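*Asks:* This is the structure, below, for whatever I ask next.
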Amino acid sequence: MFAFLRKPASRRQAASLESARLVLRPPAIDDWPQWARLRNESREFLQPWEPTWPRNALTRGSFTRRIRLQARDHEAGTAFSWFLVRRDDDALMGGVTVSDIRRGVASSGTLGYWIGRSYSRQGYMSEAVEVVIDHVFDEFGLHRLEAACLPANEASRRLLVSRGFSLEGIARSYLKIDGDWRDHLLFSLIDSEWRPSHRSHESQP
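In terms of the numbering used here, the sequence shown opens at residue -5 and continues consecutively.
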């Protein structure tokens, strides 16, 4: 059972979230050294699943621009980002984003995530995604959360299914990943599907 502790969100910043092993907090400029080191160490692990990295991908200037764009999105309410930080040693391990947030009749958003090689397959991302899903449905009031992954990305596929996402189909030539337009598996999770599952977790000893 995870403990869901929240700090109040403002229009300018995503809320910080907490679970048993993690603190999920908005990225900050001071995170650049840890972030760049982790991304560099995990380059071969991450690149097959991500858009092509530009030459300046890991520079401080590029990271600063990224943070400013995220702050703009936070202000507009169209996207929110968190870094995964381990409670025990404050190690930065990865990130989760809810982007393309649409209100009104759509009331939906898109889930994305990444984790460094040395922290993968230890349940950290699964724990983080559960906290973010809970926050998105209960605090953002969204109705639907979407996600996509490459068919070959078995780890991501298992993660989504384990958190209750349903496979909806295949989107042809959906995103340009590592230099090529690639088909993706499309998944979705509806708020009414999540809450009964979450209540059952909370009732366990």
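All residues carry an ideal CB built from backbone N, CA and C; glycine is no exception.
Please read all numbers here as calculations on a predicted model, not as lab measurements.
Pair every Cβ in the region 107 to 118 with every Cβ in the region 47 to 67, then say whether three or more of these pairs are closer than 8 Å.
*Replies:* No, the region 107 to 118 does not touch the region 47 to 67.
*Asks:* Under the DSSP definition of a beta bridge, which residues are partnered with valine 155?
*Replies:* None; valine 155 has no bridge partner.
*Asks:* Reducing DSSP to helix, strand and coil, say where glycine 88 ends up.
*Replies:* Reduced to three states, the DSSP call for glycine 88 is strand.
*Asks:* So valine 90 and valine 123 are in contact, right, with Cβ under 8 Å, and what is the actual spacing, rounded?
*Replies:* Confirmed, Cβ separation roughly 7 Å.
*Asks:* With distance defined between alpha-carbon atoms, name the residue in Ile109, Ile95, Ser101 and Arg81 nearest to asparagine 34.
*Replies:* Comparing Cα-Cα distances from asparagine 34 to each of Ile109, Ile95, Ser101 and Arg81, the minimum goes to Ile109.
*Asks:* Indicate the three-state DSSP secondary structure (helix, strand or coil) for serine 93 in the structure shown.
*Replies:* Strand.
*Asks:* Using a 10 Å radius around the Cβ and a threshold of 16 neighbouring Cβ atoms, would you call serine 75 buried or exposed?
*Replies:* So serine 75 ends up on the buried side.
*Asks:* Using CA coordinates, which residue listed in Arg138, Asp94, Phe181 and Leu136 is at the minimum distance from leucine 144?
*Replies:* Selected option, being the one with the closest Cα: Phe181.
*Asks:* Distance, Cα to Cα, leucine 205 vs alanine 73?
*Replies:* Residue 205 cannot be examined here, being either before or after the span of the chain that is shown, -5 to 199.
*Asks:* Return the bridge partner residues of glycine 163 from the DSSP annotation.
*Replies:* For glycine 163, which the question treats as bridged, DSSP gives the partners Leu180.
*Asks:* Between which two residues does the beta strand (DSSP E) containing valine 79 stretch?
*Replies:* Start and end: 74 to 80.
*Asks:* Determine the contact status of arginine 103 and leucine 139, defining contact as a CB-CB distance below 8 Å.
*Replies:* According to the sequence provided, residue 103 is glycine. The question's arginine does not apply to it. Yes.
*Asks:* State yes or no: is the C-beta of phenylalanine 131 nearer than 7 Å to some heavy atom of the ligand ZN?
*Replies:* You won't find the ligand ZN in this model; it holds no ligand whatsoever.
*Asks:* On a Cα-Cα basis, can you pick out the residue from Gly98, Gly106 and Ser156 that is closest to glycine 135?
*Replies:* Taking only the C-alpha atoms, the option nearest glycine 135 is Gly98.
*Asks:* May I have the straight-line CA-CA distance separating aspartate 24 from glycine 158, to the nearest angstrom?
*Replies:* Roughly 35 Å separates the two Cα atoms.
*Asks:* Taking buried to mean at least 16 other C-beta atoms within 10 Å of its own C-beta, is serine 13 buried or exposed?
*Replies:* It counts as buried.
*Asks:* Grab the span of the alpha helix (DSSP H) containing arginine 37 for me, first residue to last.
*Replies:* Where arginine 37 is concerned, the enclosing alpha helix (DSSP H) stretches over 37 to 40.
*Asks:* Measuring CA to CA, which of Ser10, Ser160 and Asn147 is closest to leucine 40?
*Replies:* Comparing Cα-Cα distances from leucine 40 to each of Ser10, Ser160 and Asn147, the minimum goes to Asn147.
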